[in-house]
Each structure stands twice: as structure tokens, then as C-alpha cells.
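Engineer: Protein chains in written order, with my numbering: chain D, 411 to 656; chain Y, 411 to 656.
Have a look at this one before I ask anything.
There are 2 protein chains.
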Amino acid sequence: MARTLYDLAASNPELRFSPFCWRTKMALRHKGLDFDTIPWRFTEKEVIARTGEGRVPVLVDDGRWVHDSWQIALYLDEAYPDRPPLMRSPPERAMARFVSSWCDQVLHPILRSALLLDIYNLVADRDRAYFRESREKLVGAPLEAATMEGSAALKALTQALQPAEATLNVCRWLAGDEPGYADHCLLGSLQWARVSSPQPIIIGSDSAVGRWFERMLDLFDRYARQTPTVSGGALDLHLAPAVGQG
Amino acid sequence: MARTLYDLAASNPELRFSPFCWRTKMALRHKGLDFDTIPWRFTEKEVIARTGEGRVPVLVDDGRWVHDSWQIALYLDEAYPDRPPLMRSPPERAMARFVSSWCDQVLHPILRSALLLDIYNLVADRDRAYFRESREKLVGAPLEAATMEGSAALKALTQALQPAEATLNVCRWLAGDEPGYADHCLLGSLQWARVSSPQPIIIGSDSAVGRWFERMLDLFDRYARQTPTVSGGALDLHLAPAVGQG
Chain D
411 MARTLYDLAA SNPELRFSPF CWRTKMALRH KGLDFDTIPW RFTEKEVIAR
461 TGEGRVPVLV DDGRWVHDSW QIALYLDEAY PDRPPLMRSP PERAMARFVS
511 SWCDQVLHPI LRSALLLDIY NLVADRDRAY FRESREKLVG APLEAATMEG
561 SAALKALTQA LQPAEATLNV CRWLAGDEPG YADHCLLGSL QWARVSSPQP
611 IIIGSDSAVG RWFERMLDLF DRYARQTPTV SGGALDLHLA PAVGQG
Chain Y
411 MARTLYDLAA SNPELRFSPF CWRTKMALRH KGLDFDTIPW RFTEKEVIAR
461 TGEGRVPVLV DDGRWVHDSW QIALYLDEAY PDRPPLMRSP PERAMARFVS
511 SWCDQVLHPI LRSALLLDIY NLVADRDRAY FRESREKLVG APLEAATMEG
561 SAALKALTQA LQPAEATLNV CRWLAGDEPG YADHCLLGSL QWARVSSPQP
611 IIIGSDSAVG RWFERMLDLF DRYARQTPTV SGGALDLHLA PAVGQG
């Protein structure tokens, strides 16, 4: 077996915080495929130059290079049809695509704002100038000014998570009755905060999303739960019940 | 057959603009069930008092009263298992719940802001004071100040629709390979604007959502397309392609 994943790492190479890499690691575990990870830093563009992109995750599977978390998910289901599918049916594929895009477009701007300084503080020294410059360009302000305060982030995240809360109030998993790629996408987003934040930004566990997150952390021999975190790992979700709208 | 739906109507009783009522009307057509609609105005609370809610849709099916669009969808699949299912599988049910909540939480605040004055202008005279008071309380400002300008609404809507655009770039319907209740939910939201706005707020048709919307309008003998509208019915969606995020 030669299957390796370039996985974004902090100064401490054991800290792995990328939401997109978490999608792929959960997907590989879901398929039951062994893999090694290579810690990769933001500025190591040359190492993955053959992808034509400067971003991870990048999977090298027996010599075949695949990049972009969505493309990797499609590749895994196509290359390993005898393993448990990440997306079992057209509705599940639609749900996975919708949830992955919703994470990118709705949750990530909030989480990014909340975590800017935390991540600046944990990245490798050689990555700091790059991180500051690229993120300040993205958000249009200095990191110190753009970082959202904890209670504001919690309020925005609670509101943004309502579609997941409503869904998990009627379904055990976002993918329906079994976990699927849609679940791995949202796990990745919340794991980003769980790994990076020195203090839990969210307290409580009396929500459907909170209970689901605990189940996700336990999948695959507690794979996501066991990863090192800055804080020791607490991330408790406290959400108000979803409100019916008519 | 005695199956009637209380359906929110304008001063002109032919104008039916409620996004939630559209979900239910599409669901009834999807199931192939005949029904009559009763035009209902915001202030006719007493007519539907037995639901314990002051909102429509309310379905009266052979004497059985069912309210709340999501509950009606569940009821229809349960009461009519031999008819085409609105939600065929647990993943499709999850997708429907997620999309309905996402419409409520993400799209509707934008559409509501864009349409406040248009709807104020079309509701029945007896509804105007109620509409102004309840909406100004909801948005915390006078209708005239809270109404979002067309180009700002277009920009916000384009951004908000990205998860649907990404999904419809890889799937023909939000529910997968056949239209389902998730599709009817988003149709309802866009139909709200299509029926109410005196000018198309969105121009163009070179997007996956735009092409999907045309297919939705053609379902069930062009049911949603044929309804009277303030403008004559144009609502063209012009969205930039979804951008990959890693």
C-alpha cells in the first residue's frame, strides 16, 4: 500500500486543523482505506506543485494524485466501489454537495472570523507572514481587527447551524439513517474549531447538532476525537431548538 | 372528494404569493391529489382558529385539519403511500428538511427584505395595517427603510443561493435524479418573488439554478408557471458559477 495524504499542520506537526483535510480523512476512514498523512504547511507550495493548486488535501493513491476534497470523495467512490459508499444514491449525493457548499459559504466565514488569531498563533513560524497577508487580503482588515469576539461568533454560528439542527431533529445523520459524506463535511467544519481554539467557543450539549457531533467523534474507533487539540478537545455545542416557520 | 387548502391571497384573490403555501401546492400536485384553494388573508385568523395557529397553509382533507407545510408534507406521504412519495428515502428526507430550513433561515430574510413594499402594496386593504405592524416589528424598522434595494438584494441572493447552484451543477434536482420535496421548498421561495415583484429582481438564465427553475415551472402541466403574477411572470436567475473551495 502506498496511500498518502498531504494534511495541513501547525507548528506542532500533530495539530491538524484544516476542515477540508478532515473531510478527506473521515472519507478515507469511512471507506476503510489505510493511509499515512504527511504534515504540510501553507508555504510548501512546491511539494504539491503537480496538482496545479497550492492547497490541501492532496491524496497520492498508488502514484495517482487527486486534489480538492470533493474530487477526492468522488474518486474514492469510483475507485473503490466494493468499499462502503460515501454517497449511496443520487439524493445522498445531492445532500453531500449541498452541505459541503453550505459549510464553505455560510459556516466558514463565521468560523474563519472566530479563529483568525488562534490559527495565526498555532501555524509554523515560516507560515506566519503568508497567513497574515493572505487572510488580511481575504477579510480586508488586520487579523486583530477582523477576529470575531467569542459570544458574537457563538450567536452567528447558532443561527447559521439552524438547517443542520432542524435536519438532525428528524434524522440521525445528515445523510439519513447512516453517516455519509454530508456528515463528514460538517464534522470537518466543527473539528476546525475544536482543534484550533484554545478555549471552547461553544458551551452546552442539549442540541441535536451537539449530540450528533459526539456521535461523529466516536466513528471509526474515535478517530476524530483522538486527534490532538490546542485546548484538550472540548467543543460542546449549545443550540436553541429550531423554530418552525410555517 | 373534499380537499381544500387555505392559501394566502392578495387584494386580487388570484395572486397567491406565500412561499409556504407554494410548497404545499406543489406537494399536492406531486402526489397527484386534487384540491381546491380558498383565498385567505392575513387577518382572517378566526377562519383557521382550530389549528391553534394564525398561519397558512392549512389543509382540510376529508374533514381532517393539518397545518404547517412540513407537517402537511409528512401527512401526505403517510396518508397516501400509493401515490408518488415526496421523500423517497431517509437521505431524501434529510435533504428536504435541510433545504426547507435553509430557505427559511437564509433565503427568506433576504427575499423578505427585498419584497416588503411590493407585498404591502398588493395585500388586501384590511390586511395593510396588520402587515405593516407585524413586519416592522419583525425587521425593527419602517417598511420604507427596511426594504432592500434591488441590486443589493440580487447580490445577497446570488451569494445565498450558492449551495443550490453547486448542487444543481452535479444533480438535476435537489432531491437527486427526480424532483422531490426539497425542490418544492426552493420553488416556493423563488415563486414568492416571481408572483409579488412588479419587476424581475433577477435577470439572466445562465445558471444551474435558473435552468432548474424553468424545469420546476414546467412540472405538473406548468402549474407554477401559469399562476397569475404582478409582473407577468418573468423571474430569470443569473448566478455566477459556484467556486470550488478546496
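We treat Cβ as the ideally placed atom computed from N, Cα and C, and that holds for glycine.
Go ahead and label residue 424 (chain D) buried or exposed: buried means 16 or more other beta carbons lie within 10 angstroms of its beta carbon, across all protein chains shown.
Structural biologist: Locating residue 424 (chain D) in the first sequence gives position 14, where the first residue counts as 1. Per the 10 Å Cβ criterion, exposed.
Engineer: Is there a Cβ of chain Y sitting closer than 8 Å to that of residue 655 (chain D), yes or no?
Structural biologist: On the first sequence, residue 655 (chain D) is found 245 positions in, with the first residue counted as 1. Legend: pLDDT at residue 655 (chain D) = 41, less than 50; position of this residue unreliable, no value from coordinates given.
Engineer: Under the three-state reduction of DSSP, which class applies to residue 443 (chain Y): helix, strand or coil?
Structural biologist: Position 33 of the second sequence, counted from the first residue, corresponds to residue 443 (chain Y). DSSP places residue 443 (chain Y) in coil when its eight states are reduced to three.
Engineer: Of all the options Y:529, Y:595, Y:416, which has the alpha carbon lying nearest to the alpha carbon of residue 609 (chain Y)?
Structural biologist: Position 199 of the second sequence, counted from the start, is the residue given in the question as residue 609 (chain Y). Per the Cα distances, Y:529.
Engineer: Is residue 512 (chain D) close to chain Y, meaning its C-beta is less than 8 Å from at least one C-beta of that chain?
Structural biologist: What you label residue 512 (chain D) is simply residue 102 of the first sequence in a count that begins at 1. Yes, contact with chain Y.
Engineer: Counting Cβ pairs closer than 8 Å, one from the segment 471-489 of chain D and one from the segment 432-439 of chain D, do we hit at least three?
Structural biologist: Segments in contact, yes.
Engineer: Quick one: any contact between the segment 571-584 of chain Y and the segment 506-513 of chain D, if contact means 3 or more CB pairs under 8 Å?
Structural biologist: In short, these stretches touch, since the Cβ pair count reaches three.
Engineer: Applying the criterion that 16 or more other CB atoms from any shown protein chain within 10 Å of the CB defines a buried residue, is residue 419 (chain Y) buried or exposed?
Structural biologist: Residue mapping note: residue 419 (chain Y) aligns to position 9 of the second sequence, counting from 1. Residue 419 (chain Y) comes out buried.
Engineer: Could you check whether the Cβ of residue 457 (chain Y) sits closer than 8 Å to any Cβ belonging to chain D?
Structural biologist: Start at 1 with the first residue of the second sequence, and residue 457 (chain Y) comes out as number 47. Output row for residue 457 (chain Y): interface = no.
Engineer: Could one say the Cβ of residue 488 (chain D) lies closer than 8 Å to chain Y's Cβ atoms, at least one of them?
Structural biologist: One-based indexing of the first sequence puts residue 488 (chain D) at position 78. No, no contact with chain Y.
Engineer: Name, going along the chain, the residues of the segment 559-582 of chain Y whose beta-carbon falls closer than 9 Å to a beta-carbon of chain D.
Structural biologist: Listed by position, the residues of the segment 559-582 of chain Y near chain D (Cβ gap below 9 Å) are 569, 570, 572, 573, 574, 575, 576, 577, 578, 579, 580, 581, 582.
Engineer: Taking DSSP as the reference, what is the three-state secondary structure of residue 500 (chain Y)?
Structural biologist: If you number the second sequence from 1, residue 500 (chain Y) lands on position 90. DSSP places residue 500 (chain Y) in helix when its eight states are reduced to three.
Engineer: Tell me the residue span of the beta strand (DSSP E) that contains residue 577 (chain Y).
Structural biologist: Taking the first residue of the second sequence as 1, we reach residue 577 (chain Y) at position 167. Here residue 577 (chain Y) belongs to no beta strand (DSSP E); instead the alpha helix (DSSP H) covers 572-578.
Engineer: Could you check which residue in Y:628, Y:450, Y:442 has the C-alpha nearest to that of residue 427 (chain Y)?
Structural biologist: Position 17 of the second sequence, counted from the first residue, corresponds to residue 427 (chain Y). Selected option, being the one with the closest Cα: Y:450.
Engineer: For the segment 589-607 of chain Y against the segment 521-537 of chain Y, are there 3 or more C-beta pairs whose distance is under 8 Å?
Structural biologist: The segment 589-607 of chain Y, when compared against the segment 521-537 of chain Y, does touch it at the 8 Å Cβ threshold.
Engineer: For the segment 518-543 of chain Y, enumerate the residues whose C-beta is nearer than 8 Å to any C-beta of chain D, in chain order.
Structural biologist: Residues 518.
Engineer: Any heavy atom of the ligand NAD closer than 7 Å to the Cβ of residue 451 (chain D)?
Structural biologist: Summarising the ligand content, the structure contains no ligands, and the ligand NAD is consequently not present.
Engineer: Using 8 Å for Cβ pairs, my map puts residue 599 (chain Y) next to residue 521 (chain Y). What's the rounded Cβ distance?
Structural biologist: Within the second sequence, residue 599 (chain Y) is the residue found at index 189, counting from 1. Within the second sequence, residue 521 (chain Y) is the residue found at index 111, counting from 1. Indeed they touch by this definition, with Cβ atoms about 6 Å apart.
Engineer: If you drop the 5 nearest sequence neighbours on each side, which residues of the same chain put their C-beta closer than 6 Å to that of residue 483 (chain D)?
Structural biologist: Counting from one through the first sequence, the residue named residue 483 (chain D) turns up at place 73. Excluding positions up to five away in sequence, the list reads 437, 496, 591.
Engineer: Under 6 Å Cβ to Cβ from residue 447 (chain D), same chain only, skipping five residues before and after it: list those, please.
Structural biologist: By 1-based counting over the first sequence, the position of residue 447 (chain D) is 37. Once the five neighbours on either side are set aside, the close Cβ partners of residue 447 (chain D) are 415, 417.
Engineer: Rounded to whole angstroms, what's the CA-CA distance from residue 555 (chain D) to residue 519 (chain D)? Just pull it up for me.
Structural biologist: Position 145 of the first sequence, counted from the first residue, corresponds to residue 555 (chain D). Position 109 of the first sequence, counted from the first residue, corresponds to residue 519 (chain D). Computed Cα separation, rounded: 15 Å.
Engineer: Going by the beta-carbon positions, is the gap between residue 627 (chain Y) and residue 513 (chain Y) smaller than 8 Å?
Structural biologist: Here the question's residue 627 (chain Y) lines up with position 217 in the second sequence. Here the question's residue 513 (chain Y) lines up with position 103 in the second sequence. No, these two residues do not count as a Cβ contact at 8 Å.
Engineer: Rounded to whole angstroms, what's the CA-CA distance from residue 586 (chain Y) to residue 593 (chain Y)? Just pull it up for me.
Structural biologist: Along the second sequence, read from residue 1 onward, the residue named residue 586 (chain Y) stands at position 176. Along the second sequence, read from residue 1 onward, the residue named residue 593 (chain Y) stands at position 183. C-alpha separation (whole angstroms): 10 Å.
Engineer: Who are the near neighbours of residue 641 (chain Y) in its chain, counting only those whose CB is closer than 7 Å to its CB and skipping five residues on each side?
Structural biologist: In the second sequence, the residue the question calls residue 641 (chain Y) occupies position 231. Within the same chain, residue 641 (chain Y) has close Cβ partners 607, 608, 609, 610.
Engineer: Beta-carbon of residue 454 (chain Y) versus every beta-carbon of chain D: anything under 8 Å?
Structural biologist: Residue mapping note: residue 454 (chain Y) aligns to position 44 of the second sequence, counting from 1. Taking Cβ atoms only, chain D never reaches closer than 8 Å to residue 454 (chain Y), which makes this a no.
Engineer: With DSSP as the reference, label residue 471 (chain Y) as helix, strand or coil.
Structural biologist: Position 61 of the second sequence, counted from the start, is the residue given in the question as residue 471 (chain Y). Residue state, collapsed to three classes: strand.
Engineer: To the nearest whole angstrom, what separates the beta carbons of residue 516 (chain D) and residue 570 (chain D), a pair I think is in contact under 8 Å?
Structural biologist: Counting from one through the first sequence, the residue named residue 516 (chain D) turns up at place 106. Counting from one through the first sequence, the residue named residue 570 (chain D) turns up at place 160. Rounded, the Cβ-Cβ distance is 5 Å, consistent with contact.
Engineer: Which residues of chain Y have a Cβ atom closer than 7 Å to the Cβ of residue 587 (chain D), listed in chain order?
Structural biologist: On the first sequence, position 177 is the one that residue 587 (chain D) refers to. Under the 7 Å cutoff, chain Y gives 500.
Engineer: Output, in chain order, the set of chain Y residues within a Cβ distance shorter than 8 Å of residue 393 (chain D).
Structural biologist: Absent from the structure is residue 393 (chain D), since the part of chain D shown begins at 411 and ends at 656.
Engineer: Run through chain Y and tell me which residues come within less than 8 Å of residue 584 (chain D), C-beta to C-beta.
Structural biologist: By one-based count along the first sequence, residue 584 (chain D) stands at place 174. Near residue 584 (chain D) (Cβ distances below 8 Å), the residues of chain Y are 504, 508.
Engineer: What does a CB cutoff of less than 8 Å around residue 494 (chain Y) pick up in its chain, not counting 5 residues either side in sequence?
Structural biologist: For the purposes of this step, residue 494 (chain Y) is taken as residue 84 along the second sequence, with counting starting at 1. These residues qualify, in order along the chain: 440, 441, 442.
Engineer: Pull up the CB-CB distance for residue 412 (chain Y) and residue 492 (chain Y), whole angstroms please, since I reckon it's below 8 Å.
Structural biologist: Your numbering for residue 412 (chain Y) matches position 2 in the second sequence. Your numbering for residue 492 (chain Y) matches position 82 in the second sequence. With 8 Å as the limit, residue 412 (chain Y) and residue 492 (chain Y) do not qualify as a contact, their Cβ atoms being about 20 Å apart.
Engineer: If we define contact as Cβ-Cβ less than 8 Å, is residue 516 (chain D) a contact residue for chain Y?
Structural biologist: If you number the first sequence from 1, residue 516 (chain D) lands on position 106. Yes, because at least one Cβ of chain Y sits closer than 8 Å to the Cβ of residue 516 (chain D).
Engineer: Classify residue 434 (chain Y) as helix, strand or coil using the three-state DSSP reduction.
Structural biologist: Within the second sequence, residue 434 (chain Y) is the residue found at index 24, counting from 1. Note: residue 434 (chain Y) maps to helix in three-state DSSP.
Engineer: Could you check what DSSP says for residue 414 (chain Y) in three-state terms: helix, strand or coil?
Structural biologist: Locating residue 414 (chain Y) in the second sequence gives position 4, counting from the first residue. Strand, per DSSP.
Engineer: Express the C-alpha separation of residue 538 (chain D) and residue 620 (chain Y) in angstroms, rounding to a whole number.
Structural biologist: For the purposes of this step, residue 620 (chain Y) is identified with residue 210 of the second sequence, where counting begins at 1. For the purposes of this step, residue 538 (chain D) is identified with residue 128 of the first sequence, where counting begins at 1. Cα-Cα distance, rounded: 42 Å.
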